[in-house]
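Engineer: My structure is below; once you've seen it, I'll send some questions.
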Amino acid sequence: MTHSFPVGTIQVNLAGPVQNIMSDPQSIDDPNPNIGAEMGNAQVIASGMDAEKQQFAVQCANEAIAQHSNQNMAVAQYIMSNFEERYGSPWHCVVSDGSLGFYVRYDPSNHIYFSIGATTIFLFQNQCQ
């Protein structure tokens, strides 16, 4: 089955927590009251997700960071696996506590970019092939 939805793009250059984010104009202009908001100990930088998914993302991230301190790959896998279990595949997750740059295409309604302390997390879904 092929799913079709508009794809956003994001280019991020992380040097520590949240230095630079550029996103397509559609994502920037979409009204989302949670952008820039704090959710517990998390700071949401950009998101197209509904509030329930955002809260689940932050919950998974907190659990993963507590269980896998200083293991970014394990944190990313934990978050991604929990999202795929609850919402279906595929989900992708990037976790950084330092310098990292990436450029990805994503579904504008299924992404969240947030930080918890010095850890930044970008969780997203892209087009199903």
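The numbers in numbering that gives the first Met the number 0 rise by one with no breaks, and the one at position 92 of the sequence shown is 91.
Glycine included, each C-beta is placed from N, C-alpha and C at the ideal position.
Arginine 85 and phenylalanine 55: beta carbons closer than 8 Å?
Structural biologist: Here residue 85 refers to the residue found at position 86 of the sequence shown. Here residue 55 refers to the residue found at position 56 of the sequence shown. For arginine 85 and phenylalanine 55, yes; Cβs fall inside 8 Å.
Engineer: Counting along the chain, where does the alpha helix (DSSP H) carrying glutamine 76 start and finish?
Structural biologist: Looking up residue 76 in the sequence shown gives position 77. That run of the alpha helix (DSSP H) goes 71–86.
Engineer: So what does DSSP say about alanine 117, is it helix, strand or coil?
Structural biologist: Start at 1 with the first residue of the sequence shown, and residue 117 comes out as number 118. Looking at alanine 117 - three-state DSSP - the assignment turns out to be coil, as it is neither helix nor strand.
Engineer: What residue from Lys52, Gln42, Asn40, Gly39 has the CA that sits closest to histidine 110's CA?
Structural biologist: The residue labelled residue 110 in the question sits at position 111 within the sequence shown. Among Lys52, Gln42, Asn40, Gly39, the Cα nearest to that of histidine 110 belongs to Lys52.
Engineer: Taking just the CA atoms, how far does leucine 122 sit from histidine 91?
Structural biologist: The sequence position of residue 91 within the sequence shown is 92, counting from 1. The sequence position of residue 122 within the sequence shown is 123, counting from 1. Approximately 6 Å, taken between the alpha carbons.
Engineer: Determine the DSSP secondary structure at glutamine 124, reduced to helix, strand or coil.
Structural biologist: Locating residue 124 in the sequence shown gives position 125, counting from the first residue. DSSP places glutamine 124 in coil when its eight states are reduced to three.
Engineer: Tell me the residue span of the beta strand (DSSP E) that contains histidine 91.
Structural biologist: As a working mapping, residue 91 is identified with position 92 in the sequence shown. Here the beta strand (DSSP E) through histidine 91 covers 91–95.
Engineer: Go through its chain and collect everything with a Cβ distance to asparagine 81's Cβ below 7 Å, but skip five positions before and after it.
Structural biologist: What you label residue 81 is simply residue 82 of the sequence shown in a count that begins at 1. Counting only Cβ-Cβ distances below 7 Å, and skipping sequence neighbours, we find Cys59.
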